[in-house]
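Heads up: the structure comes next, in structure tokens.
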Amino acid sequence: MDFQKVIAVATRRGIFQSAFDAYGGLAGFIDYGPVGVKMRRRILETWRKLYVIDAGCLELDGALIGPEALFQASGHLGEFDDALVNCEDCKKQFRADHLVDGGEEMSRDELAKAISGMACPGCGATLSEMTSFNLMFSTGVGAGKGLPGYLRPETAQSIFLAFPWLLRQNRGKLPFAAAQIGRSFRNEISPRQGPLRMREFTQMEVEHFFLPNEEPLLSDDLRDVTINLLDANGKETSSTVGEGFDEGIIGSSLVACHLARAQKFLTTIGVPDKKLRFRQHGSNEMAHYSSDCWDGEINTSLGWVEVVGVAHRGDYDLSAHGNASSKEFRVAVPGTEKETEVWVPDIGKLGKEFKGDAKFILEAIRDVDLQPGFSVDVNGSKIELTSEYMSQKTERRSEMVYANVVEPSFGLDRILYCLLESSWKSDGEREWISLPQETSPYDLLVAPLMTKDGLDDKAHEIMKSAIDIGVDAYYDEAGSIGRRYARADEIGIFFSMTVDHQTLEDGTVTLRERDSKDQNRLSIEDALNKVRR
RNA sequence: GCAGGCGUGGUCUAGUCUGGUAUGACUAGGGGUUUCCAACCCCUCAACCUGGGUUCAAAUCCCGGCGCCUGCACCA
């Protein structure tokens, strides 16, 4: 099964196609069709079951467009923004900050100065002016000039911003995890390979927060999950997650937990164990904030495709937002409450005495450890605050810290593609997608053996009762029965129910299982119960 | 973004060099026949990526755009 074939089947069977086809298409965007939407939904359901229901993650659905300040703080405006220079002569393009010593530290203006008049490293001609390219889509918020806004380049920031709110929903307790399914947008320079590199894509992310010294341990049920590991030194092992952690290959217990969960999730939806591995990032590949990072990869005809990243992000994001915004993103460490005697200003007295200057004084002492005799500069004159302007008070305070976070982040579109490719089976002429019942787009194919003698009426009747009990069934009466099985197989429908003459006599049907083609004769009721999920 | 290759019904494709009614298969729909794994027969729907140019005439030649593939560059 190669890329072209997946694309052809996806188009033919209503899974996905490239978007805006009528207008020539636009790279990096695809539409999901009737079958694709069902497959995605099933994958999401499985994911939600594992993370939101089993693991108890708090679910969030964040806004897609964010203000400039947010992306300034998250680092995306800086990190996602590349200064590019072109050479007019040899048509090569370079990153400006890579051409200058220490360029990564420079501001835009400094870079522009350093670049001007520089010779092209390729051909020696003079480089043209610097242009900048930001991987984020920008837009305007509001009428007129409006405020600059950006489409989020990852869902994660929504969770980080909601951290204080979510923490309250968890009644102030750590650890906890938040989950989010949503779209993200990146204006990729050259998106290729359909669903693998998109400009608009769906992420399924978890941010698992914990106190710095209280990282959740690897639980017993996750210890025994078998997993293929490729560590940063290029050493491949197949062992349990517990062994990998004990031997120090996996550096963090919570990263180990999430590697195990990711392994469970991907195999549950039908990715064969043999085609799945987790590869550790080398130190140069790792994002600057991350201390341990693993990519879950699926082996396809295009090589290993990254479908999930598990990263230890430390406190990078929360502290960034804590520093840049006016909100408290830290948490109190339980058990560290201390009684301290603190001096608090007597605001009434300060006001009466200093009138208009009082607000400058208050401003100046806001974040300092106030003591009698503290002096402040106000409009050039020095004011000494004696004890008559303050009083002593006993305060209970806790140590405040930023929570750390481990993040598994899944790319839904890539997962679907890899799943289609990796579960593709063929046997001579016969070709089918061997999806587990879990991710099969329909629960059941209902097919009358022929469309006479009332068999089709009976089949319609069964369809109705299937739908009544929540079985998502697909009805097909066109063509030979073999052809209909083949059609169903091609989109991975797990069970097929065939209505024949015996059905009319004793109320039994045959239930065919896709992979084995085995058929059993059961009562209608038993058959429906069997396919019901 | 650069270079090269490519773009024909839903899918795969012939035709492009050498300009003149667009080939075939599969799929799908209708009908017939058969009835448990893509059978068969008849019928039908359906395409030259797009915009300009050259020409009496463009799928075909030329130029621009868009898209796809490969390589380079980029890639949290």
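Here the numbering used here is used: position 399 in the first sequence is 417, and no number is missing along the way. All C-beta atoms in this analysis are idealised placements derived from N, C-alpha and C, irrespective of residue type, glycine included.
How long is the line joining the alpha carbons of residue i and residue j, rounded to whole angstroms?
i	j	result
residue 189	residue 182	11 Å
residue 415	residue 350	9 Å
residue 45	residue 35	11 Å
residue 501	residue 29	19 Å
residue 254	residue 279	20 Å
residue 162	residue 328	42 Å
residue 243	residue 312	16 Å
residue 382	residue 345	20 Å
residue 376	residue 405	16 Å
residue 508	residue 519	27 Å
residue 551	residue 174	32 Å
residue 477	residue 516	8 Å
residue 227	residue 49	34 Å
residue 390	residue 229	36 Å
residue 542	residue 469	19 Å
residue 79	residue 198	6 Å
residue 366	residue 113	58 Å
residue 250	residue 268	10 Å
residue 393	residue 275	53 Å
residue 322	residue 316	5 Å
residue 95	residue 118	20 Å
residue 575	residue 160	Since the first residue of the chain shown is 19 and the last is 551, residue 575 is not available in this structure.
residue 528	residue 434	31 Å
residue 103	residue 171	24 Å
residue 503	residue 492	12 Å
residue 82	residue 339	18 Å
Could you check what DSSP says for residue i in three-state terms: helix, strand or coil?
i	result
residue 189	coil
residue 347	coil
residue 352	coil
residue 228	strand
residue 484	helix
residue 635	Outside the shown range of the chain, which is 19 to 551, sits residue 635, and nothing can be said about it.
residue 20	coil
residue 314	strand
residue 469	coil
residue 168	strand
residue 546	helix
residue 221	strand
residue 378	helix
residue 400	strand
residue 390	coil
residue 236	coil
residue 241	helix
residue 338	helix
residue 383	coil
residue 474	helix
residue 129	helix
residue 199	strand
residue 360	strand
residue 161	coil
residue 329	strand
residue 3	Because the chain spans 19 through 551 in this model, residue 3 falls outside it and cannot be assessed.
State the CB to CB distance for the pair residue i and residue j, rounded to an integer number of angstroms; the pair is presumed to be in contact (CB under 8 Å).
i	j	result
residue 270	residue 424	7 Å
residue 294	residue 246	6 Å
residue 436	residue 325	6 Å
residue 441	residue 427	That belief does not hold up - the Cβ atoms of residue 441 and residue 427 are roughly 23 Å apart, past 8 Å.
residue 407	residue 364	5 Å
residue 61	residue 320	That belief does not hold up - the Cβ atoms of residue 61 and residue 320 are roughly 20 Å apart, past 8 Å.
residue 209	residue 201	Going by Cβ atoms, the distance from residue 209 to residue 201 rounds to 15 Å, so no, they are not a contact pair.
residue 432	residue 76	So it is not a contact: roughly 25 Å between Cβ atoms.
residue 531	residue 287	Not quite, the Cβ-Cβ distance comes to about 19 Å (not below 8 Å), so this is no contact.
residue 196	residue 224	7 Å
### Query
Do three or more CB pairs link the segment 248-261 to the segment 222-234 at distances below 8 Å?
Too few Cβ pairs lie closer than 8 Å, so no.
### Given 8 Å, three or more beta-carbon pairs between the segment 399-408 and the segment 418-427
Contact fails: fewer than three Cβ-Cβ distances are below 8 Å.
### Message
Would the segment 54-69 count as touching the segment 81-99 if we require 3 or more Cβ pairs under 8 Å?
### Response
Touching, no.
### Query
What residue ranges within the segment 266-305 form continuous beta strand (DSSP E) runs of no fewer than 3 residues, ordered along the chain?
Counting only runs of 3 or more, we get 294-298.
### Query
In chain order, which beta strand (DSSP E) runs of at least 3 residues are fully inside the segment 484-541?
Secondary structure remark: continuous beta strand (DSSP E) runs of at least 3 residues inside the segment 484-541, in chain order: 491-493, 513-517, 526-531, 537-541.
### Query
Between the segment 432-452 and the segment 491-499, are three or more C-beta pairs nearer than 8 Å?
No, the segment 432-452 is not in contact with the segment 491-499.
### Message
Tell me whether the segment 531-547 and the segment 482-494 touch, counting them as touching only if at least three CB pairs, one residue from each stretch, are closer than 8 Å.
### Response
By the criterion of at least three beta-carbon pairs nearer than 8 Å, the segment 531-547 is in contact with the segment 482-494.
#### Entry: Entirely enclosed alpha helix (DSSP H) segments - the segment 24-104, minimum 4 residues
Within the segment 24-104, the complete alpha helix (DSSP H) runs of at least 4 residues are 52-66, 86-92, 94-97.
### Task
Specify whether the segment 453-468 and the segment 350-368 touch according to this definition: at least 3 beta carbon pairs, one from each stretch, less than 8 Å apart.
Using a Cβ-Cβ distance cut-off of 8 Å, the segment 453-468 and the segment 350-368 are not in contact, since fewer than three pairs of beta carbons, one from each stretch, lie closer than that value.
#### Entry: Unbroken stretches of the beta strand (DSSP E), 3 residues or longer, contained in the segment 410-460
Complete beta strand (DSSP E) runs here, min 3: 422-429, 442-445, 448-451.
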